[in-house]
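Residue numbering for the sequence shown follows the numbering used here, beginning at 16 and increasing consecutively.
Where a beta carbon is used, it is the ideal one built from N, C-alpha and C, also for glycine.
Everything numeric in this text was worked out from a predicted model, so none of it was measured.
Here the structure is laid out as structure tokens; the discussion comes afterwards.
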Amino acid sequence: MPENRANQGPKGCGFLTQKPRVEVIRTPEAASAAQREFARLAEAFVREEIFGKTALLEAQDLDARKETLKKSGEIGLLSAALPRPFGGADADLSGCMRIAENLGHYPGWAANFSAQISTGILPLLFFGSAEQKATWLPKIGRGRAVVAYAISEAQSGSDALAAKTVAREAADGRSYAVSGSKTWVPNADIADVFIVFCQINGTKFSAILVERDRPGVTVGAPNETMGLRAAPVFPVEFDAVSVPAANVFGAVAKGHKVAFNTLNFERVEAAATSLGTCKRALMLAASYAKQRRQFGQPIAEFGAIRSKLARMATRAWTLESMCYRVAGAVDARLELLDAEADSYRADALGAIDEFAVEAAMIKVFGADAAVFLSAQALQIFGSRGYERDCEVERIFRDAQASRISAGTNEINRMLIPSMILKRTMKGQLNLFEMIEWVLSTLQEDDAKGDAFGPGQASGERMALEARLSEAAQKLVLYTLNQAIQKHMADLREQQEILLDLADMTIALFAIDSTLLRAQQVLAQGAGGEVALKQAVTRLQISQSAQAIRQRAARLLNHLGADPAAVERFDLPVCIDEIALERQIAEAVLRAESYPF
Numbered sequence: 016m017p018e019n020r021a022n023q024g025p026k027g028c029g030f031l032t033q034k035p036r037v038e039v040i041r042t043p044e045a046a047s048a049a050q051r052e053f054a055r056l057a058e059a060f061v062r063e064e065i066f067g068k069t070a071l072l073e074a075q076d077l078d079a080r081k082e083t084l085k086k087s088g089e090i091g092l093l094s095a096a097l098p099r100p101f102g103g104a105d106a107d108l109s110g111c112m113r114i115a116e117n118l119g120h121y122p123g124w125a126a127n128f129s130a131q132i133s134t135g136i137l138p139l140l141f142f143g144s145a146e147q148k149a150t151w152l153p154k155i156g157r158g159r160a161v162v163a164y165a166i167s168e169a170q171s172g173s174d175a176l177a178a179k180t181v182a183r184e185a186a187d188g189r190s191y192a193v194s195g196s197k198t199w200v201p202n203a204d205i206a207d208v209f210i211v212f213c214q215i216n217g218t219k220f221s222a223i224l225v226e227r228d229r230p231g232v233t234v235g236a237p238n239e240t241m242g243l244r245a246a247p248v249f250p251v252e253f254d255a256v257s258v259p260a261a262n263v264f265g266a267v268a269k270g271h272k273v274a275f276n277t278l279n280f281e282r283v284e285a286a287a288t289s290l291g292t293c294k295r296a297l298m299l300a301a302s303y304a305k306q307r308r309q310f311g312q313p314i315a316e317f318g319a320i321r322s323k324l325a326r327m328a329t330r331a332w333t334l335e336s337m338c339y340r341v342a343g344a345v346d347a348r349l350e351l352l353d354a355e356a357d358s359y360r361a362d363a364l365g366a367i368d369e370f371a372v373e374a375a376m377i378k379v380f381g382a383d384a385a386v387f388l389s390a391q392a393l394q395i396f397g398s399r400g401y402e403r404d405c406e407v408e409r410i411f412r413d414a415q416a417s418r419i420s421a422g423t424n425e426i427n428r429m430l431i432p433s434m435i436l437k438r439t440m441k442g443q444l445n446l447f448e449m450i451e452w453v454l455s456t457l458q459e460d461d462a463k464g465d466a467f468g469p470g471q472a473s474g475e476r477m478a479l480e481a482r483l484s485e486a487a488q489k490l491v492l493y494t495l496n497q498a499i500q501k502h503m504a505d506l507r508e509q510q511e512i513l514l515d516l517a518d519m520t521i522a523l524f525a526i527d528s529t530l531l532r533a534q535q536v537l538a539q540g541a542g543g544e545v546a547l548k549q550a551v552t553r554l555q556i557s558q559s560a561q562a563i564r565q566r567a568a569r570l571l572n573h574l575g576a577d578p579a580a581v582e583r584f585d586l587p588v589c590i591d592e593i594a595l596e597r598q599i600a601e602a603v604l605r606a607e608s609y610p611f
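This is the structure:
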């Protein structure tokens, strides 16, 4: 079997398993003309088609939802990721994320759209039979048909494999009778076809296509939800629904492959949507802060408000750096594949799965960022933000769902260290080699006595930040090793430890992504924009390094290791964060939006 050429591309978890290096990553600054056009198209669509229908969408008007989805198909947004034979544009992942980001300005409607992409078009593209793809992909891509993903049940949300819905095989083997109840199914009321997860003959977890017009399909009233009212979800009953055996999706007993790979799609798209939500919240907050006057001046003049805006912008910059690094890495691997090869679909799934850890990380960071920025925006609006007709109130409610969908943030956080350890045990990651490197360098670092002095400047090459990044990487690896030594195979049962390890790992990825991006920006030019990007990177790295230090101290105390070991990793607070916040806030207020 020939080697998968994608293996020559970027490697997953490189931020953790490679020694400090200068790596070229793909950044938003290097977006292609096609990617920028997708962004422009999506932004114009939300502004011209969606915001004007907010009242109807929030009232769950069926026609408004149908019309807007159809329109998104007509202008090429729904079909962007599809191959040209199915009427698509063959957009790369970075281009698709540009679309998701701009649709995220209205997270409620974006949920309708993403339900068609990450849990509809992409699973069909990768797992559907030739007949299934030919039947459904062109229609869904043009907005002429709607697909709904029916996986959750009342007693099996994150534990999807425990589904109770069954598909009984007919005696002649030519059909199945699907029976069971699904809940939280998006777009069920307007769906033409469902991707239903079930146990074939009671034991074989599988996916099967069920057309809406088959007898026995009943869609209930929408679930009453806190937010995402523009994207209602529904219970759906399947009462002995007869479907042909050809409707099996993927293969019998392979439903887990569909579900788990779909989660990778969902997580990446969810992160990009969260980024758009963050930028919208920042724009609204900055604009309002300049308009609202208290004590004889705009509240934008107050340091407390400026600090909020700076921290909001920093989270958005960090998420943006992480998102497009991951998308760019996946694209780089996909570009190495032969799209005409019989193995292309499997190899492409492998290219995406290579970054499953990163997908989980950006999903978690993005959801937390969307919640944080929407909460800060609401606080800046004050009482006005608490009113039902205020956009930030809606964004705040909608953002909460991002922590639940595509696997709760807690599930994803526990998966992150678990996946890293699993891949290490399979020989796919050189984690133990890196741990040995950390342990061997500790004594050398101690002998040097080489610590940072208070207030030390970073210099134009961001040397200080690079050292902080290396020290953070070493501390994460050191703490992970202590957890492994203490619990060995039982570590996967230590949920509190896994959560803290995940937070440290996410913070490290944030440091690495923003530093590499800033170094590339710096290498390409100078001036005010570069200085601003250096400032936001410096602030982000300082905050993330402190978070890693705090989590490490907490874990080392629990694990019975010497908590003083944290001091050996050169992570002092030596950056003037207040000055950096003032610089960033000034740029936010000048732009009245995301300034980078």
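Practice item. Buried or exposed for Gly67, please, with buried defined as at least 16 other CB atoms from any protein chain shown within 10 angstroms of its CB. Key: Taking the first residue of the sequence shown as 1, we reach residue 67 at position 52. It counts as exposed.
Review point. What does a CB cutoff of less than 7 Å around Pro469 pick up in its chain, not counting 5 residues either side in sequence?
Key: Along the sequence shown, one-based indexing puts residue 469 at 454. In this prediction, Pro469 scores a pLDDT of 36, lower than 50, which makes its location untrustworthy; no coordinate-derived value is stated.
Exercise for review: State yes or no: is the C-beta of Ser94 within less than 7 Å of the C-beta of Gln50?
Suggested key: One-based indexing of the sequence shown puts residue 94 at position 79. One-based indexing of the sequence shown puts residue 50 at position 35. Not closer than 7 Å, so no.
Check your understanding: Taking three-plus beta-carbon pairs below 8 Å as touching, is the segment 230-237 in contact with the segment 277-284?
Key -> no
**Study point:** Any 3 or more C-beta pairs closer than 8 Å across the segment 283-291 and the segment 149-169
**Key:** no
Point to revise | Of the listed residues Asp591, Leu349 and Ser557, nearest to Lys26 (C-alpha basis) | key: One-based indexing of the sequence shown puts residue 26 at position 11. Comparing Cα-Cα distances from Lys26 to each of Asp591, Leu349 and Ser557, the minimum goes to Leu349.
Review point. Are there 16 or more other CB atoms within 10 angstroms of the CB of Ile593, so buried, or fewer, so exposed?
Key: By 1-based counting over the sequence shown, the position of residue 593 is 578. Per the 10 Å Cβ criterion, exposed.
Exercise for review: Can you tell me which of Ile65, Ala384, Ala354 and Arg507 puts its alpha carbon nearest to the alpha carbon of Ile431?
Suggested key: Locating residue 431 in the sequence shown gives position 416, counting from the first residue. The option with the nearest alpha carbon to Ile431 is Arg507.
Exercise for review: Excluding the 5 residues preceding and the 5 following Lys501 in the sequence, name in chain order all residues of the same chain whose CB lies nearer than 6 Å to its CB.
Suggested key: Position 486 of the sequence shown, counted from the first residue, corresponds to residue 501. The answer, listed in chain order, is Leu574.
Check your understanding: What do you get for Lys323, buried or exposed, if any count of 16 or more other CB atoms within 10 angstroms of its CB means buried?
Key -> If you number the sequence shown from 1, residue 323 lands on position 308. It counts as buried.
Review point. Of all the options Ala149, Lys489 and Ala550, which has the alpha carbon lying nearest to the alpha carbon of Leu537?
Key: For this step, residue 537 is matched to residue 522 along the sequence shown. It is Ala550 whose Cα lies nearest to the Cα of Leu537.
Review point. Can you tell me the Cα-Cα spacing of Asp78 and Val581, whole angstroms?
Key: As a first step, residue 78 must be located in the sequence shown, where it is residue number 63. As a first step, residue 581 must be located in the sequence shown, where it is residue number 566. Using only the alpha carbons, I get a separation of about 58 Å.
Check your understanding: How many Å lie between Val258 and Tyr303 at the Cα?
Key -> Mapped onto the sequence shown, residue 258 falls at position 243. Mapped onto the sequence shown, residue 303 falls at position 288. For Val258 and Tyr303, the distance between alpha carbons rounds to 55 Å.
**Study point:** Touch test, the segment 435-453 against the segment 43-58, Cβ-Cβ under 8 Å, three pairs minimum
**Key:** no
Check your understanding: Do you know whose CA, among Ser336, Asp228, Ala354 and Ala390, lies nearest Glu373's CA?
Key -> Here the question's residue 373 lines up with position 358 in the sequence shown. For Glu373, the nearest C-alpha among the options comes from Ser336.
**Study point:** For Gln23, the first and last residue of its enclosing alpha helix (DSSP H)
**Key:** Within the sequence shown, numbered from 1, the residue matching residue 23 stands at position 8. Gln23 -> no alpha helix (DSSP H), and no H or E assigned at all.
Point to revise | Which residues DSSP lists as bridging Leu224, in chain order | key: Position 209 of the sequence shown holds residue 224. According to DSSP, Leu224 bridges with Ile210.
Exercise for review: Could you tell me how far apart the beta carbons of Ala392 and Ser417 are, in whole angstroms, since I believe they sit closer than 8 Å?
Suggested key: Residue numbering aside, residue 392 sits at position 377 when the sequence shown is read from its first letter. Residue numbering aside, residue 417 sits at position 402 when the sequence shown is read from its first letter. Not really, about 15 Å apart at Cβ, beyond 8 Å.
Practice item. State the DSSP-derived secondary structure class of Val545, mapped to helix, strand or coil. Key: Walking along the sequence shown from the start, residue 545 turns up at place 530. Val545 falls in the helix class under three-state DSSP.
Practice item. Would you kindly check if the distance between the Cβ of Glu480 and the Cβ of Ile556 is under 7 Å? Key: What you label residue 556 is simply residue 541 of the sequence shown in a count that begins at 1. What you label residue 480 is simply residue 465 of the sequence shown in a count that begins at 1. Yes, these two residues count as a Cβ contact at 7 Å.
Practice item. Note the first and the last residue of the continuous beta strand (DSSP E) segment covering Val248. Key: Start at 1 with the first residue of the sequence shown, and residue 248 comes out as number 233. First-last of the beta strand (DSSP E) with Val248: Val248 to Pro259.
Check your understanding: Taking the beta strand (DSSP E) that Gly400 falls in, what are its first and last residues?
Key -> Along the sequence shown, one-based indexing puts residue 400 at 385. Premise fails: Gly400 is in no beta strand (DSSP E) and is neither H nor E.
Check your understanding: How is Arg159 classed by DSSP in three states: helix, strand or coil?
Key -> Residue numbering aside, residue 159 sits at position 144 when the sequence shown is read from its first letter. Reduced to three states, the DSSP call for Arg159 is coil.
Check your understanding: Going straight from the alpha carbon of Leu364 to that of Pro100, what length do you get?
Key -> The residue given as residue 364 occupies position 349 in the sequence shown. The residue given as residue 100 occupies position 85 in the sequence shown. Taking the straight line joining both Cα atoms gives about 20 Å.
Point to revise | Candidates Gly400, Ile136, Phe142 and Met112: closest to Glu284 by CA position | key: Indexing the sequence shown from 1 puts residue 284 at position 269. Closest option to Glu284, Cα to Cα, is Met112.
Practice item. Below 6 Å CB to CB, which residues in the same chain sit around Leu71 once its five sequence neighbours on both sides are set aside? Key: Walking along the sequence shown from the start, residue 71 turns up at place 56. Excluding positions up to five away in sequence, the list reads Ala79.
Check your understanding: How do the segment 138-150 and the segment 116-126 stand: do at least 3 beta-carbon pairs fall below 8 Å, yes or no?
Key -> no
Review point. Between Ala192 and Glu184, what straight-line distance do the alpha-carbon atoms span, to the nearest angstrom?
Key: Walking along the sequence shown from the start, residue 192 turns up at place 177. Walking along the sequence shown from the start, residue 184 turns up at place 169. Ala192 and Glu184: Cα-Cα distance of roughly 7 Å.
Practice item. Starting from Ser196, follow the beta strand (DSSP E) in both directions and report where the run begins and ends. Key: As a first step, residue 196 is located in the sequence shown; it is residue number 181 there, counting from the start. That run of the beta strand (DSSP E) goes Ser190 to Pro201.
Practice item. Output the residue ranges of the beta strand (DSSP E) runs that lie fully inside the segment 297-325 and measure 3 residues or longer, sorted by chain position. Key: none
Exercise for review: My understanding is that Arg227 touches Val208, with C-beta atoms under 8 Å, so please give their C-beta distance in whole angstroms.
Suggested key: Locating residue 227 in the sequence shown gives position 212, where the first residue counts as 1. Locating residue 208 in the sequence shown gives position 193, where the first residue counts as 1. That belief holds up - the Cβ atoms of Arg227 and Val208 are roughly 6 Å apart, short of 8 Å.
Check your understanding: Hey, quick one: how far does the alpha helix (DSSP H) through Val407 stretch, first residue to last?
Key -> The residue given as residue 407 occupies position 392 in the sequence shown. Note, Val407: alpha helix (DSSP H), Glu406 to Gln415.
Check your understanding: How long is the line joining the alpha carbons of Trp124 and Leu84, rounded to whole angstroms?
Key -> For the purposes of this step, residue 124 is taken as residue 109 along the sequence shown, with counting starting at 1. For the purposes of this step, residue 84 is taken as residue 69 along the sequence shown, with counting starting at 1. Between Trp124 and Leu84, the C-alpha separation is close to 9 Å.
Review point. Thinking C-alpha only, which one of Glu73, Arg62 and Ala342 is nearest Ser87?
Key: Position 72 of the sequence shown, counted from the start, is the residue given in the question as residue 87. Of the candidates Glu73, Arg62 and Ala342, the one whose C-alpha sits nearest the C-alpha of Ser87 is Arg62.
Check your understanding: What number of angstroms, rounded off, separates the C-alpha of Leu388 from the C-alpha of Val256?
Key -> Counting from one through the sequence shown, the residue named residue 388 turns up at place 373. Counting from one through the sequence shown, the residue named residue 256 turns up at place 241. Taking the straight line joining both Cα atoms gives about 45 Å.
Review point. To which residues of the same chain is Val407 closer than 6 Å at the C-beta, ignoring the five residues directly before and after it?
Key: Counting from 1 along the sequence shown, the entry for residue 407 is found at position 392. Within the same chain, Val407 has close Cβ partners Leu299, Ala392, Leu393, Phe396 and Gly400.
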